[in-house]
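> First residue of the sequence shown? That's 1 in the UniProt record's numbering, and the numbers climb one at a time after it. Even for Gly, the Cβ is constructed at its ideal location relative to N, Cα and C.
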Amino acid sequence: LADVLRNSKLDEAAMETERNRILREMNEVENDPIEVVFDYLHDAAFQGTPMSKSPYGRSEVIR
């Protein structure tokens, strides 16, 4: 485990591909009315807890 943590290499092209895939998925979810309603319901049902947050996070963080 220590070797993996110390010597890991992140391929920048792979990171960019994954970043774009996640942003595309987030955009699809944000443009689907049913998903938006469920996000609001989930937020209301779990107010003030980590469960109220979207599993996708915020797009500003991913960019």
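If you draw a straight line from the C-alpha of D3 to the C-alpha of V61, how long is it?
When rounded, the distance between both Cα atoms is 28 Å.
> In three-state terms, what does DSSP make of Y40?
In this structure, Y40 counts as helix in the three-state DSSP scheme.
> Going by DSSP in three states, S52 sits in which element: helix, strand or coil?
Helix, per DSSP.
> State yes or no: is the C-beta of M26 within less than 8 Å of the C-beta of S59?
Yes; because the gap between Cβ atoms is below 8 Å, this pair is in contact.
> Our contact map puts S54 next to D39 with C-beta atoms below 8 Å; I'd like the distance itself, whole angstroms only.
Sure, about 6 Å apart at Cβ, within 8 Å.
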